[in-house]
Amino acid sequence: MRKGMAWAAALLALPACSFSQQNPPAPPVVSSLPAPPRADTTQPPLTRISLEEAIRLALQHNHALLAARSTILQNQAQEITANLRPNPVLSWDTQFFPLFNPGEFNANYLENQAQFDLGIGYLFERGGKRQHRLQAAKDATAVTRAQVTDNERLLTFNLAQQFINVLLAQSTLDLAQQDYDSFQKTVDISESRFKAGDMSEGDLLKIKLQLLQFQSDVFAAKLSKVQALAALRQYLGFESVPDSYDVEGSLDYQPVHAGLDDLKALALRSRPDLQAAQLGVTAAHSQESLAQANGKHDLNVTFDYTHTNGQNSGAFYFNIDLPIFDRNQGEIARTRYAITQSQELASEAAEQVMSDVVDAYEALRTNDQIVQLYSGGYADAAKKSRDITEYAYRKGAASLLDFLDAERTYRSNQLAYRQALASYMTALEQTREAVGTRSLP
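Using this note's numbering, you'd call the opening residue of the sequence shown number 298 and step up by one each time.
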């Protein structure tokens, strides 16, 4: 009994704060200790690139394009090979060498009995083969250079298209964030009205559920932009920009006043794939000239110096194939058919250029008309309708369904307007690709 009373006394002697959870004591303030250092929250400046800067980086760092450019150097190396002359041929021999009677081998034997031959020969190419080989190689290099330029054209279009996707993703993200911030204010007002008894709990829940949609839109827009930037970086070359980079610019409407005939004429002058096809015809003619030159057989000339039985003499040897059977007829015929093929391909390329210009021009006109519809009043009307309905709802003069419907209409209208701008900008880049230059008349 005494022991239990002792435990009770000990428990009562403990500070009351040890058992109190509602009112914990304030910790003592130690003014002599320095404040902990703050973490460095400074971030490196964000790298922003414009469309023109992105094109420049892609033309310098895109690995697929760099690999294509190496083919020009390969062709130039083939020009060196084509321009090389045949090597002279050096020959020598000795006869009547006393291998089995080494005792007879002496200076007298070498002077009076042994026979030595020393010759040098050279192949004289007939028909201007070296000149034709060099010209054919240069024409092939010209075709390759035009094809690489066409690769640059396609890369520029693909990059510009992806750049526009990033701009669209950023614009969509800005819209989603604005809608979320605006609707958050509506939720706050609705909660106040609910507490005041001016709104039912069901309507409040509908408002909050709609807020979830705006939150999801923000996260989806952020993901779309990250993915668009990653895809754009693939064209730029990953090492050309840092991980934290962004684009500079916005969805913009730039009217084009050039007519269809002007664009066609510009395309016929500027399209590198058409130039490559036309240069292919020239290269095919060079191959035919080379085949005809190869049909002429070469002359092989050799001079031999001979030392026999103490006598020195020289001899000239000439040999040439008689063109009775092989006159390179098959290769000449093949190159003539190749000329016809190249001409047909050039005509097909010209028709493809015209088709591309017409398609791009019509797409540009159609998207221009769509953008004009939105900028001519539909975009402003949707915003004004949303603002009026929102004001009426906050004042209690409009129903919840009317407000939510106006909000959805405005959001879909703004998304469609941004998509129309992006489609117009893409059609503009497609027109530049179709004519083969970024400078439109």
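Every residue gets a Cβ at the ideal spot worked out from N, C-alpha and C, and that includes glycine.
{"query": "4-residue-minimum alpha helix (DSSP H) runs that sit fully inside the region 518 to 572, ordered along the chain", "result": "557 to 567"}
{"query": "Beta-bridge pairing of Asn616 - partner residues as DSSP gives them", "result": "Asn597"}
{"query": "Which listed residue (Ala647, Leu348, Pro399) has its alpha carbon closest to that of Thr723", "result": "Leu348"}
{"query": "For Phe491, the first and last residue of its enclosing beta strand (DSSP E)", "result": "Element bounds for Phe491: not the beta strand (DSSP E) but the alpha helix (DSSP H), 426 to 493."}
{"query": "Assigned exposure category for Ile239 - 16 Cβ within 10 Å defines buried", "result": "Since the first residue of the chain shown is 298 and the last is 738, residue 239 is not available in this structure."}
{"query": "Assigned exposure category for Ile617 - 16 Cβ within 10 Å defines buried", "result": "exposed"}
{"query": "CB contact flag (Ala434, Glu350, <7 Å)", "result": "no"}
{"query": "Own chain, CB closer than 8 Å to Ala379, minus 5 neighbours either side, in chain order", "result": "Arg427, Arg430, Leu431, Ala433, Ala434"}
{"query": "C-alpha distance - Ser367 paired with Gly418, whole-angstrom precision", "result": "38 Å"}
{"query": "Contact check, Thr599 vs Gly416, beta carbons under 7 Å", "result": "yes"}
{"query": "Assigned exposure category for Glu704 - 16 Cβ within 10 Å defines buried", "result": "buried"}
{"query": "Proximity to Tyr477 [Cα-Cα], best of Glu449, Ala630, Ala518", "result": "Ala518"}
{"query": "Extent of the continuous alpha helix (DSSP H) to which Arg246 belongs", "result": "No answer is possible for residue 246: the residues shown for the chain start at 298 and end at 738."}
{"query": "Alpha carbon of Ala466 to alpha carbon of Ser696, nearest angstrom", "result": "33 Å"}
{"query": "Cβ pair Ile636, Ala717 closer than 7 Å", "result": "no"}
{"query": "Reference Asn664, options Asp570, Val578, Pro552, Tyr542, closest by Cα", "result": "Pro552"}
{"query": "Rounded distance between the beta-carbons of Val515 and Gln572, thought under 8 Å", "result": "Rounded, the Cβ-Cβ distance is 48 Å, inconsistent with contact."}
{"query": "Lys522, buried or exposed, once every other Cβ within 10 Å from all chains shown has been counted against 16", "result": "buried"}
{"query": "Residues that DSSP places opposite Asn606 in a beta bridge", "result": "Note: Asn606 sits in no beta bridge, so no partner."}
{"query": "Among Tyr634, Ile685, Lys681, Asn591, the one whose alpha carbon lies nearest that of Gly263", "result": "Shown here, the chain extends from 298 to 738; a query on residue 263 therefore has no answer."}
{"query": "Three-way DSSP call (helix, strand, coil) for Ser388 in this model", "result": "strand"}
{"query": "Residue from Val445, Gln410, Ala457 whose Cα sits closest to the Cα of Thr728", "result": "Ala457"}
{"query": "Straight-line Cα distance separating Ser586 from Gly733", "result": "32 Å"}
{"query": "Among Ala657, Tyr714, Glu648, the one whose alpha carbon lies nearest that of Leu670", "result": "Tyr714"}
{"query": "Reduced DSSP secondary structure (H/G/I, E/B, other) of Phe421", "result": "strand"}
{"query": "Burial state of Ile621 (16 or more Cβ within 10 Å)", "result": "exposed"}
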